[in-house]
Structures are given as structure tokens and as C-alpha cells.
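Reading through the C-alpha cells given below for one structure.
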Amino acid sequence: MSVMVARKKVVRKWEKLPGRNTFCCDGRIMMARQKGIFYLTLFLILGTCALFFAFECRYLAVQLSPAIPVFAAVLFLFAMATLLRTSFSDPGVIPRALPDEAAFIEMEIEATNGTVPQGQRPPPRIKNFQINNQIVKLKYCYTCKIFRPPRASHCSICDNCVERFDHHCPWVGNCVGKRNYRYFYLFILSLSLLTIYIFTFNIVYVALKSLKIGFLNTLKETPGTYPSTEMGGCSQSLTLLTVLEVLICFFTLWSVVGLTGFHTFLVALNQTTNEDIKGSWTGKNRVQNPYSHGNIVKNCCEVLCGPLPPSVLDRRGILQQEESTAQEESCPRGPSAQEPTVAQGPGGQAEESSAQQKDGSVPHLSAVPVPSLSNAEMPEEKQLTSGELPVPSQDTGQAEH
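Every letter in the sequence shown is one number past the one before it in UniProt numbering, and letter 181, counting from 1, is 181.
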């Protein structure tokens, strides 16, 4: 016997969230879909630090101080922690409007703007909001169906509105917004210090070795060398790993340190990269930044040390959906559930066994007993005398034949 059973399938909210994001660990990790450059970032940091700890740190710890590898390890761990925190967290995504909310907002807009004549362009959907005695415009997002909060913007890569949107950084594989900007700033700051640290002590390592055995012998002794062309019968070799470290640190130094300086300038003004590129507070109108406190210390404290707002996505919230499944249930057959036995009555009708009646179940249609008619109740042409036997009709005989 098949029974329809309604089961409740547990579905997390992150499985139904719109946008171009990737979720891992049951919604705990949130990233952009484009993660190739993020893996390159991990490879460069891990590879450079592994070479530094494997070769230069051992010599420097013995010759100069054992604190050199310790401090390098602290910088490395701090940079990796802030990188992962920036990449795996919600940057401040604003949920999209529900269908009922979107319809209500559309009604409000139509009531405010009125009917627009055909052929004319409708007015822009903008609300004015006052912050620190200054008017700030709230723009309408046609994708998310909401009026974006101040300083929010829609990321075209992740397809989400992000609160206090700064920029989308492919090197960390995520947007940078209100909830992870401080970790992004600490990451580039610690990475700048780590790059300068490794680059400096690579030069110190080569200088110390060169004072003892000479520059060319230093290059020959370092592991990972490859022979070059022979000139004058002397086999020259170059240090592949040390040169590789120096080159990575040299080119990384200018970009990362420059980026750190630029964001330090923005933090001091309490401004975002998006606002700086658009010229929101330095345009023709010369509108002052309403979010700045006019003090560098206060601005830095607000951006880097202010309270961190919770995520409004509720990624791991539960959505229950019912699904009906057919289950086959096998009922054990006991003595009371056996097939009904049919007894032949005196009139030739089928009678149910007492076991079926005691069970109380509904009998099958073919096993329903037919009530027998007495001789008196039968019609006159069908009544039989006591000594007369029933004669089968011709049709019955042909059917049996």
C-alpha cells in the first residue's frame, strides 16, 4: 500500500539568494564567482614567504638575531588572517525588495510623479535625504528594487547593492564595503610591511654573505641555482630563488605600498574609492563631505575602530519547503488479515467468512455477499416446488460450453 508522506526539506536562505556570489561551508563563506586572481594572491604570498623562511631566515637568525624570523612570522600570519577575513565575509550586501515591497514602492513612485505623457522620459527616481545639514540624494536601484542607502552602490560584478561600497577587488575575490573595509585596509598595510621586511632582509642576507665569501660565491652557494653560459672558462651561476624573491618584492612594493598610501588618505578624509573616483565631494558644486568629522583622528577611529554592523542577509536562515513523496508500506499478514474464505450457501450465493467480518475491514467488491431470496419472494415463473430441481437455461449452457 502506497502512502503519500509530506516531508519538510530544510533549505538555507543562501541557496535562494540572487546575485553572482559563491557560498561555501553551508553559507558561512561568501565570495565572488571570479576567484582566479585571489588564488594568484595566495600563491604569491605563500610562495615568497616559504622561500624566505626556508633559506634566508635560518642564516639571519644565527648571524643577526632570532627575532627576525619571529617578527616575519607574525606579519605573515596577520596578513593571511586579514586577507581571508576580507575575502570570506559579507561586505555589506543589501537584500533585494520582496515582490510586495517592490510593488508598494512602485505605487509610491507613481503617486509622487503622476502620470507621464507618452513619449516623454519619466523623471529620475531620487529621494532627498539630509545628513549633517546637507542634502544627500538616494538613488533607486532598478535591479534590487530599492532606494539605496547613503554611500551604497550596485556592484556590476557581484550584482548586489553594497552598503558603503568602496570598490570590487579581484585580488581578494570580493567586494570591499562597510563590513570588511577595515580588514582590507589592515591586509594591505600588513602586506606592505611584510614586503618591505622580506625585501630588506634579502638584501642584508646577500650583503653579509658577500662580505665573507664574495658576491659571486654567495650566488653559487645559494640553493636553486642554474648554470648560465660559460665565459672565459668560468662557470657562472645565478641564484634563481633569491632573485625571484627580490623581483616579486620589488614589483609588489610599489603597487601595494602605493595602494596603502592611497587608502590611508581616504581613511583620513572618511571617504570611499567610489566617491573619490566620481568626485562626489570635489566637483563643481564644491559640496563638503557630510560624513567627515573634520578631524583625522576621529575619521580614522570611525572607519577602523567603529562598531561593526551585523549582516542583514541571514545567509544561514532556514526556509522550509514541503515535498510529497510516495512511500510503500508493507503490512504484516496475520491470521485476521488472511484472504476471506468463501462458503457455498444453500442457494448458491457466496458468503464471507467470519474472519473477514471480525476484522471490520471493507470487503472487496467481488466478495460482497449477495442476499438470497426465499421461494416465496421469487416471481411465480421462477418459484420451484419442493421436489423440482432447477434446470439451467439454454443461454447458461451455451456460456458454460
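In this text, a Cβ means the ideal position worked out from N, Cα and C, and glycines have one as well.
All of these numbers come straight from a predicted model, not from anything done at the bench.
### Task
Report yes if the CB atom of residue 257 is closer than 8 angstroms to the CB atom of residue 190, and no otherwise.
Their beta carbons are not under 8 angstroms apart, which means residue 257 does not touch residue 190 by this criterion.
### Task
Find the nearest neighbour of residue 309 within the set 244, 92, 70, 260, judged by alpha-carbon distance.
It is 92.
### Query
Is it true that the CB of residue 85 sits closer than 8 angstroms to the CB of residue 424?
In the structure as shown, the chain begins at 1 and stops at 401. Residue 424 is therefore absent and cannot be evaluated.
#### Entry: Continuous alpha helix (DSSP H) stretch holding residue 129: start and end
Segment 126-131 is the beta strand (DSSP E) holding residue 129; no alpha helix (DSSP H) there.
### Message
Threshold first: 3 residues or longer. Then list the beta strand (DSSP E) segments lying entirely within the UniProt domain "Palmitoyltransferase DHHC" (137-278), N to C.
### Response
List check, beta strand (DSSP E) in window: 153-155, 160-162, 167-169, 174-176, 225-231, 234-239.
### Message
Mapping the DSSP letters down to three states, classify residue 25 as helix, strand or coil.
### Response
If DSSP states are grouped into helix, strand and coil, residue 25 belongs with coil.
### Message
Check this for me: beta carbons of residue 299 and residue 259, under 8 angstroms apart or not?
### Response
Contact flag unset, no.
### CA nearest to the CA of residue 22, picked from 290, 267, 174, 75
If we check each option's Cα against that of residue 22, 174 comes out closest.
### Task
Tell me whether residue 94 is buried or exposed, calling it buried when 16 or more other Cβ atoms sit within 10 Å of its Cβ.
Residue 94 should be labelled buried.
### Query
For the alpha helix (DSSP H) that contains residue 66, what are its first and last residues?
Residue 66: not part of any alpha helix (DSSP H); DSSP gives it neither H nor E.
### Task
Please classify residue 319: does DSSP put it in a helix, a strand, or coil?
DSSP places residue 319 within a strand segment (E or B) once states are collapsed to three.
### Message
On a Cα-Cα basis, can you pick out the residue from 265, 279, 176 that is closest to residue 87?
### Response
Comparing C-alpha distances from residue 87 to each of 265, 279, 176 shows the shortest one belongs to 176.
### Query
Going along the chain, which residues of its own chain have a beta-carbon closer than 6 angstroms to the beta-carbon of residue 293, five neighbours each way excluded?
Taken in chain order, the residues that qualify are 299.
### Query
Which runs of the alpha helix (DSSP H), 4 residues or longer, sit entirely within the segment 64-108?
As far as the segment 64-108 is concerned, its whole alpha helix (DSSP H) runs of at least 4 residues are 67-87.
### Query
Among the residues of its own chain, which have a CB less than 7 angstroms from the CB of residue 97, if the five just before and after it don't count?
Counting only Cβ-Cβ distances below 7 angstroms, and skipping sequence neighbours, we find 105, 144, 145, 146.
### Task
Can you have a look at residue 60 and say buried or exposed, based on whether 16 or more other CB atoms are within 10 angstroms of its CB?
The residue in question, residue 60, is buried, as its Cβ has 16 or more Cβ neighbours within 10 Å.
### Query
Around the C-beta of residue 162, are 16 or more other C-beta atoms found within 10 angstroms, so that it is buried, or is it exposed?
Residue 162 comes out buried.
### Query
Around the Cβ of residue 18, are there at least 16 other Cβ atoms within 10 angstroms (buried) or fewer (exposed)?
Exposed, since its Cβ has fewer than 16 Cβ neighbours within 10 Å.
### Query
Can you name the start and end residues of the alpha helix (DSSP H) that residue 303 belongs to?
Counting along the chain, the alpha helix (DSSP H) containing residue 303 begins and ends at 296-305.
### Message
Across the segment 153-171 and the segment 273-281, are there enough close Cβ pairs to call them in contact, namely three or more that are closer than 8 angstroms?
### Response
Short answer: they touch.
### Where residue 35 sits in the DSSP three-state scheme
Coil at residue 35, not helix or strand.
### Query
Roughly how many angstroms separate the alpha carbons of residue 313 and residue 319, rounded to a whole number?
Cα to Cα, the separation comes out at about 13 angstroms.
### Query
Got a sec? Which residues, its chain only, sit under 6 angstroms from residue 249 by beta carbon, not counting five neighbours each side?
Counting only Cβ-Cβ distances below 6 angstroms, and skipping sequence neighbours, we find 195, 198, 199.
### Nearest candidate by alpha-carbon position, reference residue 89, set 205, 180, 266
Taking only the C-alpha atoms, the option nearest residue 89 is 180.
### Task
Would you mind giving the Cβ-Cβ distance between residue 140 and residue 125, rounded to the nearest angstrom? I have them listed as a contact below 8 angstroms.
Their Cβ separation, rounded to whole angstroms, is 3 angstroms, which keeps residue 140 and residue 125 in contact under 8 angstroms.
### Message
Assuming the contact rule is C-beta atoms closer than 8 angstroms, residue 157 and residue 20 should be a hit. Round their C-beta distance to whole Å, please.
### Response
The Cβ separation is near 7 angstroms, so the contact holds.
#### Entry: Proximity winner among 255, 242, 129, 297, relative to residue 290 (alpha-carbon distances)
Here the closest residue by C-alpha is 129.
### Task
Report the residue from 247, 39, 206, 311 whose alpha carbon sits nearest the alpha carbon of residue 170.
Answer by Cα proximity: 39.
### Task
Consult DSSP for residue 58 and reduce its assignment to one of helix, strand or coil.
If DSSP states are grouped into helix, strand and coil, residue 58 belongs with the helices.
### Query
Which partner residues of residue 134 appear in the DSSP bridge assignment?
Note: residue 134 sits in a beta bridge opposite 131.
### Query
Mind checking residue 30: buried by the 16 CB within 10 Å criterion, or exposed?
In this structure residue 30 is buried. Its beta-carbon is surrounded by 16 or more other beta-carbon atoms within 10 angstroms.
### Message
Let me check one thing: in DSSP terms, what residues is residue 20 bridge-paired to?
### Response
Per the DSSP secondary-structure output, residue 20 pairs with nothing in a beta bridge.
### Message
Using 8 angstroms for Cβ pairs, my map puts residue 56 next to residue 201. What's the rounded Cβ distance?
### Response
The C-beta separation of residue 56 from residue 201 comes to about 6 angstroms, placing the pair in contact by the 8 angstroms criterion.
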